[in-house]
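Peer 1: What follows is a single structure, and I will ask about it in a moment.
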Amino acid sequence: MHLVDWAIVGVYLVWVIYDGLKRTKAADEIEGYLLASRSLPWWVVGLSVMATQLSAITLVGTTGQGYDDGMRFVQFYFGLPVAMVILSVTVVPFFHRARVYTAYEFLERRFDARTRSLTSLLFLLSRAASCGIIISAPAVILSIVLGWHLGLTVLAIGIPTTLYTMFGGVQAVAWADVKQMVVILAGVLAAVVVLVLGLPDGVGLSQALHVAGATGRLTTVDFHFDLTQTYTFWSGLVGGTFLALGYFGCDQSQVQRYLTAKSIDEARQSLLMSAFFKIPLQALILLTGVLVFVFYLFHQSPMLFNPVHDPAVRASGRAGEYAELQQEFTGAFEARRRAAEAYVEADRDGRAAEEASARRTFVSSQTALTAIRKRAARLVMDVTGDREYNDVNYVFPTFVTTWLPVGLVGLMIAAIFAAAMSSVAAELNALSTATVIDFYRRHFKPDATDRQTLLASKLATGFWGIFASVVAMHAVNLGALIEVVNKIGSFFYGSLFGIFLLAIAFKRTTPVGAFWGLIAGMAAVATVGLTTDVAYLWQNVLGTVVVVSVGLAVSAVTRGGGTGRPVPAER
Amino acid sequence: MTDQAHEPDTDDRRMSRIYGLVLVVEVVVIAALWGFSHYFG
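Residue numbers (the working numbering), protein chains in the order written: chain A, 1 to 571; chain B, 572 to 612.
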């Protein structure tokens, strides 16, 4: 990387910390530190909500997905606008009027301390692990692509994020998120411009899109109904709605964002910002990946984008076979390039018969190239003993460091850092709040003064920052566990939303009913997740339905057993 | 703990219009994506 790019990344990191802390006001009071004294304007909160959700895994993984599989993943977000409207009407006014610090605090007022502690504990367990992975994934990629030591990339993300979250609280997080969203958007738009300008002479954007479309990469809406297929219109709209209801309505890392808003309507508008812009933004990021695919039709790409296994393979007994594959790949690449050029020419000239034939030739050359990549990946797995090999997350960073001009490389690397830091900061902030409000001040020191609570919050932020960084350094060896953590997250949200639905929409729910409904919901999702092929988006629907059904049934049997009486409000 | 009396009233009519707009925009965006994939696919 050029010195200018290093300077851009360095200036960005210093700017985020300095400006985040400078904008922090009243952070010496607990409500100021944890909830910005409920004073932030809707657009700041809205950008913070979007930045929290857009992690580096999303930025790097989604572009990789666009390259490899196309735009069908955009359907994952179809339920989000619907969920935002439902949340704006239901939980947002409840949380704001209840003046709570955490979403789970509300559950004690409605049910009992047991339900609050269980849901908050589930949040802490699931988020503490995922926070480490949110740091780990981009840190591993950046360390390989930039040639840095893994520990250095982990610390480059972990230390500044922990510092500004620890000292500035939620205000520093929110204002940093605003800047990070600007950097991310600028980076993505710059990449799109470079990709379009990088098309060869005679290949316009329209021809480029036709070429991508021939491989199925521009399929965005699939109305086919199949419970085992991950991304369809129906799984996105129905399952995605329940997932978004759980994530934005019950996950402290998101709830805490809109609890900082000035009023109920400002909190609502902050969520509705995502409702308007999330699908177009994700479509743009996926399209960027598709354009990277088109770019690599005309410019030589590596056979495999993750180079980390290369030395091991070249030193193994199958090095010759790998070299032959490499040669075969180069030949197949040339054949595909010629086929793509022929298809573009036929498309541009509007010769229908030739166009259909050129399209078939191009598609089969793409299939041949994909088959060689698969054989190479299998060879790598044989040599290394790994159970899987996936290089989609390396596609975009490889493109950035190989093809972007000086200056833009720094901007894009800063954007990847920004995406990681904005998500991690929100998680640390939320983990600290849940730890202090739901456990420290609820169970261990109920008479804690604001000053003691503030100190505990800062210490908790520091602790979770160190914990996440340590997990991140070790997560590189825990491939299978990463999958486990993702699965835990997916069965958590539907069930959690079910509990809040019982709390808000069903007045006759008893504390016992709510507690056992939650247990039953998670058990049902875990069973279905482990024993069937049902796509994970549908598991969110299942979790909500089981929690509500079992919760209501147990409530009907135990009615009169629980008080449902609200506990006194927290200071 | 601050009391709830100062919580400004919400403008329900305005918010309802925004909710409607969100859903209309979503339908338009999905239709545009569908048209995009059919035109170039």
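Yeah, the Cβ is synthetic: ideal placement off N, Cα and C, and Gly gets one too.
1. Quick one: which residues of the stretch 17–45 of chain A get their C-beta closer than 7 Å to a C-beta of chain B? List them in chain order.
2. Tell me, which residues are paired with residue 261 (chain A) by DSSP?
3. So what does DSSP say about residue 535 (chain A), is it helix, strand or coil?
4. Answer with buried or exposed for residue 507 (chain A), where buried requires no fewer than 16 other C-beta atoms within 10 angstroms of its C-beta.
5. Taking a contact to mean a Cβ-Cβ separation below 9 Å, would you say residue 212 (chain A) touches residue 291 (chain A) in this structure?
6. Excluding the 5 residues flanking residue 247 (chain A) on each side, which residues of the same chain have their C-beta closer than 7 Å to its C-beta?
7. Compare the beta carbon distance of residue 438 (chain A) and residue 105 (chain A) with 9 Å and say whether it is the shorter of the two.
8. Would you say the stretch 176–185 of chain A touches the stretch 48–62 of chain A, given that touching needs at least three Cβ pairs under 8 Å?
9. So, helix, strand or coil for residue 422 (chain A), using DSSP?
10. Would you say residue 265 (chain A) lies against chain B (beta-carbon separation less than 9 Å)?
11. Can you say whether residue 480 (chain A) is buried or exposed, counting buried as having 16 or more other CB atoms within 10 angstroms of its CB?
12. With a cut-off of 8 Å on the beta carbons, I'd call residue 87 (chain A) and residue 236 (chain A) a contact; round off their distance for me.
13. Pick out whichever of A:535, A:431 and A:466 has its Cα sitting closest to the Cα of residue 457 (chain A).
14. Provide the residue span of the alpha helix (DSSP H) that contains residue 452 (chain A), from first to last.
15. If the cut is a Cβ gap below 8 Å, which residues of chain B does residue 280 (chain A) touch?
16. Can you tell me the Cβ-Cβ gap for residue 287 (chain A) and residue 20 (chain A), rounded? I've got them flagged as a contact below 8 Å.
17. Quick one: is residue 453 (chain A) near chain B, going by C-beta distance under 9 Å?
18. For a minimum of 4 consecutive residues, which ranges assigned as the alpha helix (DSSP H) are wholly contained in the stretch 109–195 of chain A?
19. Given residue 82 (chain A), which residues of its chain have a CB within under 7 Å of its CB, disregarding the five upstream and five downstream residues?
20. Taking contact to mean 3 or more Cβ pairs, one atom from each stretch, closer than 8 Å, check whether the stretch 377–390 of chain A and the stretch 308–321 of chain A are in contact.
21. Check whether the Cβ atoms of residue 553 (chain A) and residue 56 (chain A) sit closer than 9 Å, and answer yes or no.
22. Taking only beta-carbon atoms, is residue 585 (chain B) less than 9 Å away from chain A?
23. Going by the beta-carbon positions, is the gap between residue 90 (chain A) and residue 514 (chain A) smaller than 9 Å?
24. Name the residue from A:17, A:4, A:138 and A:68 whose alpha carbon lies nearest to the alpha carbon of residue 586 (chain A).
25. What are the boundary residues of the alpha helix (DSSP H) that includes residue 610 (chain B)?
26. When the Cα atoms are used, what is the spatial distance from residue 526 (chain A) to residue 540 (chain A)?
27. Kindly list the residues whose CB is nearer than 7 Å to the CB of residue 500 (chain A), restricted to its own chain and excluding five residues on each side of it in sequence; keep chain order.
28. Would you mind stating whether residue 348 (chain A) and residue 204 (chain A) have Cβ atoms separated by less than 9 Å?
29. Against residue 84 (chain A), what residues of chain B qualify as contacts under a CB-to-CB distance less than 8 Å, listed in chain order?
30. Inspect the beta-carbon positions of residue 410 (chain A) and residue 1 (chain A) and report whether they are closer than 9 Å.
31. What does residue 272 (chain A) touch in chain B if you count any residue whose Cβ is under 7 Å from its own?
32. Along chain B, in chain order, which residues have C-beta atoms closer than 7 Å to that of residue 268 (chain A)?
33. Between residue 50 (chain A) and chain B, is the shortest Cβ-Cβ distance under 9 Å, so that the two count as touching?
34. May I ask you to report which of helix, strand or coil DSSP gives residue 29 (chain A)?
35. Whole angstroms are fine: how far does the CA of residue 191 (chain A) sit from the CA of residue 400 (chain A)?
Peer 2: Taking the structure as given:
1. none
2. A:40
3. In this structure, residue 535 (chain A) counts as coil in the three-state DSSP scheme.
4. exposed
5. yes
6. 254 and 493
7. yes
8. yes
9. The DSSP-derived three-state label of residue 422 (chain A) is helix.
10. yes
11. Confidence at residue 480 (chain A) is low in this model, with a pLDDT of 47, below 50, so its placement is unreliable and no value can be given for it.
12. Actually they do not touch by this definition, with Cβ atoms about 17 Å apart.
13. A:431
14. 450–475
15. 600
16. Contact check for residue 287 (chain A) and residue 20 (chain A): beta-carbon distance about 31 Å, past the 8 Å limit, so the pair fails to qualify.
17. no
18. 113–146
19. 241
20. yes
21. Residue 553 (chain A) is not a Cβ neighbour of residue 56 (chain A), given a cutoff of 9 Å.
22. yes
23. no
24. In this structure chain A extends from 1 to 571, so residue 586 (chain A) is not present and cannot be described.
25. 583–611
26. Straight through space, the alpha carbons of residue 540 (chain A) and residue 526 (chain A) are spaced by roughly 11 Å.
27. Closer than 7 Å at the Cβ level, and outside the excluded window around residue 500 (chain A), lie 91, 249 and 250.
28. yes
29. Simply 593.
30. A contact, by the Cβ cut-off of 9 Å.
31. 589 and 593
32. Ordered by position in chain B, the residues that pass the 7 Å Cβ test against residue 268 (chain A) are 586.
33. no
34. Here residue 29 (chain A) sits in coil by DSSP.
35. 8 Å
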